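In this note's numbering, the protein residues as written are 21 to 113.
Beneath this line is the structure, given in structure tokens, with notes to follow.
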């Protein structure tokens, strides 16, 4: 019974993460300011990373965890670059 409960809990988490990603995508497309779009992009990549982690938990494969780590690293770098661009108007000084 606990395996079925765990499988259902992971499925419910994946569905909620998918809904959250859809809402973040709406905010990215409709955001009134560039700052709102950047924050939505940050939340979107974190949610995508969590969705991939839950997929890895469901399948038992470690490749998904590696992909989630790569998404986290690239997402952080893009957040820093976008923040710097919004503050100064340039990324490389």
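Where a beta carbon is used, it is the ideal one built from N, C-alpha and C, also for glycine.
Model, not experiment: these values are computed from the prediction.
Distance between beta carbons of residue j and residue i, contact taken as under 8 Å
{"i": "residue 103", "j": "residue 65", "result": "So it is not a contact: roughly 14 Å between Cβ atoms."}
{"i": "residue 71", "j": "residue 37", "result": "5 Å"}
{"i": "residue 55", "j": "residue 106", "result": "6 Å"}
Where residue i falls, given that 16 or more other Cβ within 10 Å makes a residue buried
{"i": "residue 68", "result": "buried"}
{"i": "residue 88", "result": "buried"}
Contacts around residue i, its chain only, beta-carbon distance under 8 Å, and the 5 residues preceding and following it disregarded
{"i": "residue 30", "result": "74, 77, 78"}
{"i": "residue 48", "result": "57, 60, 61, 64"}
Close-in-space but distant-in-sequence residues of the same chain around residue i (CB under 7 Å, 5 per side omitted)
{"i": "residue 51", "result": "57, 60"}
{"i": "residue 22", "result": "none"}
6 Å Cβ shell around residue i - same chain, five flanking residues per side excluded
{"i": "residue 40", "result": "67"}
{"i": "residue 84", "result": "72, 75, 76"}
Can you give, in chain order, each stretch of the beta strand (DSSP E) that sits fully within the region 32-96 and has at least 3 residues? none
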